[in-house]
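Protein sequences, first through last, are from chains A and B. Quick note on this note's numbering: the first sequence kicks off at 1 and runs consecutively. Quick note on this note's numbering: the second sequence kicks off at 1001 and runs consecutively. Heads up, the beta-carbon is just placed ideally off N, CA and C, and yes, glycines get one too.
There are 2 protein chains.
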Amino acid sequence: MSGRRSLIVVSNRGPVSYDRVADGARIERRGGGGLVTALRGLLDQHDVTWIASAITDEDRAVAEEGGSDVVLVAHDPVAYVGYYNVIANPLLWFTQHSLWGLGAQPNLGRAEHAAWRDGYEAVNRRFAAAVVAELDNNPAATVFFHDYHLYLAPRIVRDARPGALLAHFVHIPWPRDWSALPPAMRDAIFDGLLANDLVAFHTARWAENFVDGAGDLGSTRVTHRAISIEPAEFDELSTSPAVLEQERRIVASRPELLVVRVDRTDPSKNVVRGFDAFGLLLDEHPEWRGRVTMLALLDPSRQAIPEYAEYLAAIERSAAAVNARFGTDSWRPVDLQVADNFPQSVAAYKQFDVLFVNAVYDGLNLVAKEGPLVNTRDGVLVLSENAGAHEELAEWAISVNPFDLAGQADALHQALSMGAPERRRRAEGIRAQVREHDVAAWIAGLLADVDRASRNVRP
Amino acid sequence: MSGRRSLIVVSNRGPVSYDRVADGARIERRGGGGLVTALRGLLDQHDVTWIASAITDEDRAVAEEGGSDVVLVAHDPVAYVGYYNVIANPLLWFTQHSLWGLGAQPNLGRAEHAAWRDGYEAVNRRFAAAVVAELDNNPAATVFFHDYHLYLAPRIVRDARPGALLAHFVHIPWPRDWSALPPAMRDAIFDGLLANDLVAFHTARWAENFVDGAGDLGSTRVTHRAISIEPAEFDELSTSPAVLEQERRIVASRPELLVVRVDRTDPSKNVVRGFDAFGLLLDEHPEWRGRVTMLALLDPSRQAIPEYAEYLAAIERSAAAVNARFGTDSWRPVDLQVADNFPQSVAAYKQFDVLFVNAVYDGLNLVAKEGPLVNTRDGVLVLSENAGAHEELAEWAISVNPFDLAGQADALHQALSMGAPERRRRAEGIRAQVREHDVAAWIAGLLADVDRASRNVRP
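In C-alpha cells form, the structure reads like this:
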C-alpha cells in the first residue's frame, strides 16, 4: 500500500451537511449513501479536501465562510434543479439503467436542452473551478471525481491544468447503448471522462461497455473495482441498541420464513415485479401461504421527479393486490414499509431466510453484501444477473433475470426449499468473500490503479 | 455473378397467399412487405422453393395439396398465436428495437414461457422439418432463412443435416443489449443463428453488435448488405394510373410545402414525437404556419397486439393536439391518413418537400430509398441516426436523434429553409446511390457471401 497522500475528492453530496436548529446553533450531519460512507474511510488515512454541493441553506452559509477540509460549492438554485432533477435524474440515471421505454420517452425539448446547458454544464463548470482553486493550493494532489453528476468537470480541469492527475469513479451501470441522448450530449460525456487519467467502474461488464463506446482511449486507463463495506462497522451496528430493538419487533411478528428486500423506491430496483413474482409463488405453491412473508423496507426516493412518484404508487398498488388476493386475518403476505430506517434494515438483514435483489440494473448493490454479512439464519441470496454484485457473488447466489417473473417465482421456491447444508455453504461463501474484499481493499486497489495511471505519459 | 442455383427460401410470410372468393374459385394474392418484394427477384434468376406459413384457410388447403414451388406450412393455431403475437411481436420486435421501458416491461410469466416453448419453438421445429424434407429432394440447395421469426430453425436443420449450406438474413436491428430476455431464450437465439454458415444484416452496426454478443463465432461468417429496391419498378409505378390519380388529389389540396412521412403505426416508427416536433416548429417559427402541412400516411399495423392499438390511439391524440392548437379554417397542420394505400404513398413520395424518417430504431427503412428515388421536387430527407439506411445515406440527409424533439424541429426548419442548389445536390446524391445499389446488387452480394461461406470447413 502507498503512504499518505493528498487527495481532492469531488462528489455531488459531501461527507457532512449542515443545518441550523431552533436556538440558532449550527449542527453537522453525516451524509448518507454508500458512496459517502465508503469514501469516508479515506479521511483517516490521507490528506483529503472534499468538494461537494452546498445542499441546505446552512451549507450555503458554510460555503461562504470557507476554510474547512470540506469545500461546499453553492450553485444557482435554478441551475441546480436543471442539473440534478432534469439531467442527472432522470435523464442520465434512466439512460444508464436502461429504463427508458424509447417508444415514448425520453423527450428532449427546449427545457431539457436548457437544463443541460444552463444546469449540468454550468454546475460542472463551478465544480471544475473549485477543483482548479484547490489544485493551485496543492498542485501535487490527486483529483478523484465521483459519479454521473460530474462527467463534464474533468475536461474543464484538464484544459486548465494539463499536468494534473485526475481519476473518476462511475458508481452506476455503463450501458452499451447511449443513443437515448443526442450526439452532442453523449460526445461531451465521453470526452469529459476521457480527460481523466483513470476511469473506474464496479465491474468488468461496465468497464468493457465504456471501452467499447469510447473508441480511442488515448492515455486514459480504465479499471474495475467493486466497492464494498466495512465489516467491523456492520458487526458493531448489528449489536447496537437501535438494531436490537428493531430486531425484537421483527422476531415478535415474523412468520416461519421471511423474504426480505431493502431498496430505494427507484424503478431500477424492480420492486413491482418482485411483488408480482411473490404473488405467482403463492398462487402456484399453496404450501407457502401463511408461512412466508415478503418484508419490503423501502426508502422513498427522489419524489420530486414524476417518474419516481408514479413508481411508488405502482409499488403500493402491487403490494395491495397480492395482499388482497392471498392475505388472511392472521397473515399479510407483503409487509411494505416505506421509510428511511437503517436500524430496521440491519435488523431485517439479520432475520432473512431469503434476501431478494432483483434489480433491473444496478451499478453494484451493497444490500447483497451487507445482508449476508450480518444474517444469522444462513439465508439465501436471490440476485439479479444485472446487479454489479453478480460478477462477484453469483457462485453463491440464485441468479434471476429481472424481467422473468416465472423465473423469480421459481428462484423463491428454490431458496425457500433449500436444505440447511447447502444454505450454509452458500452463506459462508458470501461472508468470506465480503470480509476478504472489504472497503479498505477497494480503496487500496483504486489508489494502486491511480499510481499506475500516474506513470502514463500524457501527450 | 454466379449462375443459376437451387435455393430454399424460408420466411414466415410467403410470396403468395390464397383466398377463396364467393363463387368458390381460388385466387392468388402477391404477398406484401419489403422483404417479400425484394426476394421475389430471386424467383426469375434461380430455382427457388419457398417455404412459408399458411396464413389463410385457403393457404392451409394449398398446404395439404402440396406440389408447388411454394411450400406452405400449416401450424397449430394456438402455437401460431404464441409464436407470432407473443414471442415474435412484441417480445422479439420490442427487444430488438429497444422499445421496452424496462422498469415495467416486459413481464415474462408462465404464459410467455409457454408461448416460447409451445409456440415459437414448435413453429420453428415445423419449419425445420419442412426444410429437411426439401433438402432430401435437393441436397445441394442453399437454405436461406429470413428474419426474427425463425431464429431456432437453423440449429434443428444443422443437427439433422450437418453438411447443408445455411444462411440467415436478419432484417431488423440487432441491439447491443439482449438482457430483456432470460438467459435460456437469448442463448437459444444466438445458438440458432450460429448454426448457419452465414448470418447477414443490413448494416455494419447490427453486424458488429451480433459479433460482439455472440462471443465465439465458430465457422459462421457474418456480413452486412443493405437491402434496396428495384428502381425500374418504382419508375413504372410512379406513372401508373393509380398513382397519378392519387397525385392529382394531393396536388389539388397541398399547401406551398409538404412534409411527408410514410410508416406503419409501429412504436418503433416514432410518429408521436414527429408530430410533437412539428408542433414545436410551428410554435417557434410562426412564418411556417399556413404554408406547411405534415402529411402522415400510416398503415395500421398489428392491431391485435395491445401495445400497437395503444400506440395508434396516441398517434391520433398527438395529431389532434397539434391541429387544435395551430389549425385554421383553411389549413390543417397535420393531415393524418391511417390506411394501407400504396399508390397514395408513391404519390406522396413524388410530392414531398421534406421526407421525415425519425424512427426510434429501424433495421433499414426502405421509405428513405423509395421516396427520394421518385420525388420530383428535390425534396430533403430528414433521417434518424438509428435507421439502418443512415449508414448509407447520412451524407445527403439531415440527421436527427429520435428522442431529441428540439433537434427534430430544428432539422425541419433547416430542411424547409434550404436553398435549391443544396437541395438538388443532396437529392441527386441519394438517387445515384439508390440506382447504383439496387436490389439486384443486394442479392448478388449476398449470394457471393454465401459462396465464400460455403468454402468454410465445418468442424
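- For D1449(B), the CB contacts under 6 Å within the same chain, skipping 5 residues up- and downstream, are L1198, T1223 in chain order.
- Close CB contacts of L237(A) within its chain, under the 7 Å cut and outside five residues either way in sequence, are with V243, V346 (chain order).
- In terms of Cα proximity to I189(A), the closest of I87(A), S399(A), A359(A), D69(A) is I87(A).
- Of the residues assessed, V1334(B) falls on the buried side of the cut-off, its CB having 16 or more other CB atoms within 10 angstroms.
- Cβ proximity to chain A below 8 Å picks out V1360, Y1361 from the segment 1355–1374 of chain B.
- Apart from sequence neighbours up to five positions away, the residues of its chain that approach V123(A) with a beta-carbon distance below 7 Å are H75, A79, Y80, Y83, ordered along the chain.
- The Cβ atoms of Y311(A) and P173(A) lie no closer than 8 Å to each other.
- Collapsing the DSSP output to three states places R1248(B) in a helix.
- By alpha-carbon distance to G290(A), the top candidate from V322(A), V382(A), T265(A), P267(A) is V322(A).
- Membership of H75(A) in any beta strand (DSSP E) is not indicated, and neither H nor E is assigned to it by DSSP.
- With contacts defined as CB atoms closer than 8 Å, V1338(B) and T1265(B) qualify as a contacting pair.
- Of the other Cβ atoms in all chains shown, 16 or more fall within 10 Å of the Cβ of R1273(B); this residue is therefore buried.
- Among the CB atoms of chain B, one or more fall inside 8 Å of the CB of N107(A).
- Each residue's CA atom was taken as its position, placing F275(A) and A324(A) some 13 Å apart.
- When Cβ pairs closer than 8 Å are counted between the two stretches, the segment 123–142 of chain A is seen to touch the segment 3–19 of chain A, the count reaching three or more.
- Each of A1444(B), D1147(B), S1454(B), R1452(B) was checked against the Cα of G1003(B), and the nearest Cα belongs to A1444(B).
- In the displayed model, V9(A) falls within a strand according to three-state DSSP.
- The beta carbon of A129(A) does not come within 8 Å of any beta carbon belonging to chain B, so the residue lies off that interface.
- Along the segment 163–197 of chain A, the positions whose C-beta sits under 8 Å from a C-beta of chain B are P175, R176, D177, S179, A180, L181, P182, P183, read in chain order.
- The beta carbon of W1206(B) sits closer than 6 Å to the beta carbons of P1173, W1174 from its chain, once the five residues preceding and following it are set aside; these are given in chain order.
- Sequence-ordered contacts of the segment 1280–1301 of chain B with chain A read L1280, E1284 [C-beta pairs closer than 9 Å].
- In this structure, P15(A) is the residue among P15(A), R377(A), D23(A) with its C-alpha nearest to the C-alpha of L39(A).
- Taking 8 Å as the cut-off, the beta carbon of L1405(B) is found no closer than this to the beta carbon of N85(A).
- Distance from the Cα of H1202(B) is smallest, within the candidate group D1147(B), G1371(B), W1100(B), R1423(B), for D1147(B).
- The C-beta of R1205(B) comes no closer than 8 Å to any C-beta of chain A.
- Per DSSP, the unbroken alpha helix (DSSP H) holding S318(A) starts and ends at 306–326.
- Counted as a single uninterrupted DSSP element, the alpha helix (DSSP H) harbouring S345(A) occupies residues 342–351.
- Remark: C-beta atoms of A368(A) and P402(A) do not approach each other more closely than 8 Å.
- In the three-state DSSP reduction, E1028(B) falls in the strand class (E or B).
- Counting only unbroken stretches of 4 or more residues, the alpha helix (DSSP H) elements lying wholly within the segment 100–161 of chain A are 110–114, 122–137, 153–160, in sequence order.
- DSSP places D191(A) within a helical segment (H, G or I) once states are collapsed to three.
- DSSP places A411(A) in the uninterrupted alpha helix (DSSP H) bounded by 405–417.
- Under the 8 Å Cβ criterion, the segment 1016–1025 of chain B does not count as touching the segment 1416–1427 of chain B, having fewer than three qualifying pairs.
- With respect to the 8 Å criterion, R302(A) and N137(A) are not classified as neighbours on the basis of their beta carbons.
- Between the segment 425–433 of chain A and the segment 375–382 of chain A there are three or more inter-stretch CB-CB distances shorter than 8 Å, so the stretches are counted as touching.
- Each residue's CA atom was taken as its position, placing L1042(B) and S1384(B) some 30 Å apart.
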